[in-house]
Amino acid sequence: MAGRVKLISFAEGVFRPRKAQFQAEAEAIDLYDEIQVHETATLPADFVCRHENFMVDNPRGYGFWIWKPLIVLEALRASGPNDIVVYSDVGFTIQTEGRARMAEYLDITRASPFGMLSFDNTHIEYVWTKRDLALRLNVDSNPVVMATSQIAAGFFIVRPTASNIELMREWCAVAVEDNYRFSDDSPSIAPNDDRFVEHRHDASIGSLLRKKRGTTLTHYDVQPYDHAFEWRRPSLPMLATRLRE
Numbered sequence: 017m018a019g020r021v022k023l024i025s026f027a028e029g030v031f032r033p034r035k036a037q038f039q040a041e042a043e044a045i046d047l048y049d050e051i052q053v054h055e056t057a058t059l060p061a062d063f064v065c066r067h068e069n070f071m072v073d074n075p076r077g078y079g080f081w082i083w084k085p086l087i088v089l090e091a092l093r094a095s096g097p098n099d100i101v102v103y104s105d106v107g108f109t110i111q112t113e114g115r116a117r118m119a120e121y122l123d124i125t126r127a128s129p130f131g132m133l134s135f136d137n138t139h140i141e142y143v144w145t146k147r148d149l150a151l152r153l154n155v156d157s158n159p160v161v162m163a164t165s166q167i168a169a170g171f172f173i174v175r176p177t178a179s180n181i182e183l184m185r186e187w188c189a190v191a192v193e194d195n196y197r198f199s200d201d202s203p204s205i206a207p208n209d210d211r212f213v214e215h216r217h218d219a220s221i222g223s224l225l226r227k228k229r230g231t232t233l234t235h236y237d238v239q240p241y242d243h244a245f246e247w248r249r250p251s252l253p254m255l256a257t258r259l260r261e
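Every letter in the sequence shown is one number past the one before it in the working numbering, and letter 8, counting from 1, is 24.
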C-alpha cells in the first residue's frame with residue numbers, strides 16, 4: 017500500500033519571507049499529502065535552548081544548517097513504513113511542469129535498496145570538505161568517498177528505514193559536536209588537500225554519511241550548470257534558485 021508523501025523545509029532568518037510562496041508552490045504541484053515548513057518556533061524546545069544563539073550568530077544557513085537533519089529525523093520518526101519524506105531548501109522553486117519527473121523521483125525512492133534518493137553534483141569531495149570532518153568519519157584515505165562527487169544537501173528524498181533514521185541521528189550529532197567545528201567555517205586542524213576551496217557545512221556532513229551508508233544517486237540536475245542543461249529545466253520539479261521571498 018502506498019504511504020503518504022511529506023514535504024519538509026525550513027524558513028528562518030533571511031529566508032523567512034519565502035515561506036508562504038514555497039508553501040503555495042508545493043500545494044500547486046499536487047503531489048504531497050503533508051507540507052511542513054518549519055521555523056524556530058516549531059523546532060524542539062531543547063534544541064532551540066541549546067543552539068539558538070549559534071543559529072542567530074551565524075546567519076549563513078541559519079547556523080550552517082544544523083537544524084536540517086533534525087527536521088528530517090523528526091519527520092521520519094512520525095512516518096509509517098511506506099511513507100516518503102522529501103526535503104527541499106525553502107529557496108528552491110517548485111515547478112508544476114516538473115510533476116512527472118518528481119513522481120519518478122518518488123518511484124525511484126520506493127524501489128531503492130537504501131530507501132533514499134540523493135543527487136550528486138560536479139564538486140569533488142576533497143575540494144569542498146575540510147579534512148577534520150573526513151578524519152572524524154574515518155573516510156580520509158578512502159578515494160571512493162573523498163575523490164568522488166559531493167552529494168547535495170538542498171534536496172533529497174528518504175524513507176523511514178532503521179538505517180536512514182540512524183543516519184539522521186548521526187548527522188544531528190556530528191553537526192553540533194565539538195563546538196560545531198564540523199559544520200562551521202573554522203579552519204581544519206589537520207591540513208586540507210592542496211586543492212581545497214571551502215567547507216560545505218551540512219552538504220559535507222550529509223554527503224560523507226550517505227556515501228558510507230549507501231544511497232541511490234542521480235545527477236543534481238536542479239542546479240544551474242552554465243546552460244549545459246537548460247533544455248531540461250522546464251521539466252524539472254525543483255530549481256535551485258535560492259529565492260528569499
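Positions of the beta carbon are idealized from the N, C-alpha and C atoms, including for glycine.
Values in this document were obtained by computation on a predicted structure and should not be read as measured data.
Going by DSSP, N180 is part of the alpha helix (DSSP H) stretching over A178 to Y196.
Taking C-alpha positions only, V155 is separated from V161 by approximately 7 Å. Rounded to the nearest angstrom, the gap between the Cα atoms of V102 and G170 is 11 Å. Straight-line spacing of the CA atoms in N158 and T177 works out to 26 Å.
Non-local beta-carbon contacts of E28 in its own chain, meaning distances under 6 Å to residues more than five positions away in sequence, involve E55, T56 and Y78 in chain order. Residue I110 holds the alpha-carbon nearest to the alpha-carbon of S25 among D46, W144, A18 and I110.
Taking 8 Å as the cut-off, the Cβ atoms of R260 and G107 count as close. In this structure A219 is buried. Its beta-carbon is surrounded by 16 or more other beta-carbon atoms within 10 angstroms. Bounds of any alpha helix (DSSP H) do not take in N137; it lies within the beta strand (DSSP E) bounded by M132 to I140. Residue environment analysis places H215 among the buried positions, since at least 16 neighbouring C-beta atoms fall within 10 angstroms of its C-beta. Counted as a single uninterrupted DSSP element, the stretch harbouring Q52 is not any alpha helix (DSSP H) but the beta strand (DSSP E) occupying residues E50 to H54. Residues of the same chain with a CB within less than 6 Å of the CB of V190, apart from the 5 flanking positions on each side, are F198 and I221 in chain order. In the DSSP assignment, V101 falls within the unbroken beta strand (DSSP E) covering I100 to S104.
Per DSSP, F26 is one residue of the beta strand (DSSP E) stretching across V21 to F26. According to the DSSP assignment, V72 belongs to no beta strand (DSSP E) but to the alpha helix (DSSP H) extending over A61 to D73.
Each of A91, Y236 and E113 was checked against the Cα of I167, and the nearest Cα belongs to Y236.
Residue burial is scored here from C-beta neighbours: G96 has fewer than 16 other C-beta atoms within 10 angstroms and is therefore classed as exposed. When the beta-carbon positions are compared, N98 and M132 stay at least 8 Å from each other. Between F135 and the set V174, L153 and T112, the nearest pair of CA atoms involves V174.
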